[in-house]
Amino acid sequence: MHHITPYIPEMSVEGLINLIENENLSIKVVKERITKHGDFRKLNNQNSVITVNKSNNKYRFLMTLIHEIAHYYTYRDNKFAKPHGLKWKNIFKKITEPFLNINIFPESLLVSLRKHMEDPKSSFSYDSELSKELDKYDGDHSKDLVYLDDLPQNSTFIYRDKKYIKVQKKRKRYLCKCLTNKRNYLFMSHAKVITL
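For the sequence shown, counting from 1, position 26 maps to 45 in my numbering; every step adds exactly one.
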């Protein structure tokens, strides 16, 4: 547990110990991955492992860890349950509730988290409001990065070294055309891009 304390809010340590003590579960902090913040895996033996991306955002790290612990509990209780099904949602809500307080989270983030936890998604990335609020605590506030949502239609931008044009909004996402391969892609409204 000591290896994760630098990555989580101090007031959350005791609650996390209560969640994982006496469980056949190990937690590993890994280098940042682009496609996911964390994951849960059942190993061949009786043990399970959770990996969480190393992050300077203690709040994102904590919520990712709790999200993955909920997967562990869900699997432990019913290995055939859907990964983000009703059982997982109920467990995630239940184990998150004690952490949702002003001693652990800043008030503005707490409001977004409570709203998200009414019907949690499979990833925080699907909740634009929560993602933007969490971004405030990332520590990488590059002046070059803007949210795609803030760009006017037909703007050009760079995302992961490729140029795109913002075409139109489709429900919660934006249809964008890659100028390199002429393919269309859907982007979340809170995608961080470099404007041209």
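Yeah, the Cβ is synthetic: ideal placement off N, Cα and C, and Gly gets one too.
Since we're looking at a predicted model, the values are computed, not measured.
Would you mind stating whether residue i and residue j have Cβ atoms separated by less than 7 Å?
i: lysine 185; j: cysteine 195; result: yes
i: leucine 205; j: arginine 190; result: no
i: serine 131; j: histidine 209; result: no
i: tyrosine 91; j: leucine 128; result: no
i: isoleucine 123; j: serine 31; result: yes
i: valine 165; j: threonine 214; result: yes
Rounded to whole angstroms, what's the CA-CA distance from residue i to residue j? Just pull it up for me.
i: valine 49; j: isoleucine 85; result: 16 Å
i: aspartate 96; j: glutamine 187; result: 44 Å
i: lysine 112; j: threonine 175; result: 40 Å
Can you tell me whether DSSP reads residue i as helix, strand or coil?
i: methionine 207; result: strand
i: threonine 175; result: strand
i: aspartate 58; result: strand
i: lysine 8; result: Because the chain spans 20 through 215 in this model, residue 8 falls outside it and cannot be assessed.
Identify the continuous beta strand (DSSP E) that holds residue i and give its terminal residues.
i: phenylalanine 80; result: Segment 77-96 is the alpha helix (DSSP H) holding phenylalanine 80; no beta strand (DSSP E) there.
i: aspartate 154; result: Element bounds for aspartate 154: not the beta strand (DSSP E) but the alpha helix (DSSP H), 147-154.
i: leucine 194; result: 192-197
Would you give the residue range spanned by the alpha helix (DSSP H) that residue i belongs to?
i: aspartate 159; result: Here aspartate 159 belongs to no alpha helix (DSSP H), and DSSP marks it neither H nor E.
i: asparagine 122; result: Where asparagine 122 is concerned, there is no enclosing alpha helix (DSSP H), given that its DSSP letter is neither H nor E.
Checking the sheet assignment: what are the DSSP bridge partners for residue i?
i: leucine 44; result: Ser67
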